[in-house]
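For any residue, its number in our numbering is found by taking its place in the sequence shown, counting from 1, and adding 324. Structure first, then comments.
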Amino acid sequence: MTTLHYIYDPLCGWCYGAKPLVQAAQAVLPVIAHGGGMMTGTNRQQVSPQLRNYVMPHDRRIAEYSGQPFGEAYFDGLLRDHSAVFDSAPPTAAVLAAEQLGGHGLELLGRLQTAHYVEGRRVADETVLLELAQSIGLPAQAFLAAFRAADVQRHIKASRALLAQVGGQGFPTLALERDGQFTLIDIGSWLGKPEAFAQWLKRAVPEQASAPSATCGLNDCSL
């Protein structure tokens, strides 16, 4: 059995760029998501002109390399909303809750990424997270209970330990695990080519072919 470990952050632009690759991989082999907590604690940031000017060149580069869309509601809406806070902990808790409710973590992560980067939504807000969870069919009360009970800091600590174990340098890190051995995947050449990436995975893990260097740093997306 081979598993793909995906160490991500919901506010990592390169993770959004890799979204089609992760979705393609799910059709080939099991994918386990691990939230790394890039913008948590002292790394939480309130939106400011400085933040906007800092992230926009990186986002433009991500769009160029990956083909992923970035919306005007993000560039000229969310990134100009100085009351908004970028905090990875709430959306990570939402992904954990969605995973608990029938294995929908990656589905909700994809929805959160679109909400953030295309729709300019405030994905650190509980009300927004609840609405997005309901949009993929999760029951409101069960989601809120799981969301509020999620031990995000413990999860982030475990994700960081895994990142160090596999030798990853930031987010996203993808690593194949087979028989307890990890192999890092350099996704740089696959960005924008999800079908080719899926075909490569099928060759890399032939026993599961029929089964259903662009990164952000540990604290920001400046790489």
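Ideal Cβ positions, reconstructed from N, Cα and C, are used throughout, including at glycine. Since we're looking at a predicted model, the values are computed, not measured.
In the DSSP secondary-structure assignment, Ile-509 is bridged to Leu-498.
The beta carbon of Ala-387 is closer than 6 Å to those of Phe-394 in its chain, skipping five residues each way along the sequence. One Cα belongs to Pro-334, the other to Thr-326, and the distance between them is close to 25 Å.
In this structure Gln-374 is exposed. Its beta-carbon is surrounded by fewer than 16 other beta-carbon atoms within 10 angstroms. Its chain contains Asp-411, Ser-412, Ala-413 and Ile-480 as the residues whose beta carbon lies nearer than 7 Å to that of Thr-364, once the 5 sequence neighbours on both sides are disregarded; these appear in chain order. In this structure, Tyr-340 keeps its C-beta atom at 8 Å or more from the C-beta atom of Ala-357.
Nearest C-alpha to Ala-418 among Ser-390, His-382, Val-447 and Tyr-441: Val-447. Ser-372 is positioned such that its CB atom lies closer than 8 Å to that of His-406.
By the Cβ criterion, the stretch 437-446 is not in contact with the stretch 472-490, since fewer than three pairs of Cβ atoms, one from each stretch, lie closer than 8 Å. The C-alpha of Ala-474 lies about 32 Å from the C-alpha of Leu-525. Our two residues, Leu-432 and Ala-422, have alpha carbons roughly 7 Å apart in a direct line. CA-CA distance, Leu-420 to Gly-360, rounds to 12 Å. In terms of CA proximity to Leu-353, Leu-328 leads the group Arg-368, Leu-402 and Leu-328. Annotated three-state conformation of Cys-339 is helix, per DSSP. For Val-409, the three-state secondary structure derived from DSSP is strand.
In this structure, DSSP gives Gly-359 an extended state, which the three-state scheme calls strand.
Contact between Trp-514 and Leu-345 holds: their C-beta atoms lie close to 6 Å from each other, under 8 Å. In this structure, Glu-501 is the residue among Leu-542, Glu-501 and Ala-397 with its C-alpha nearest to the C-alpha of Val-529. Listed in chain order, the non-local C-beta contacts of Gln-424 below 7 Å within the same chain comprise Ala-470, local neighbours out to five positions each way being set aside. Contact annotation: Arg-435 and Leu-468 have beta-carbon atoms that are not nearer than 8 Å. The three-state reading of DSSP puts Leu-433 in helix, counting H, G and I together. When secondary structure is reduced to three states using DSSP, His-329 falls in the strand class.
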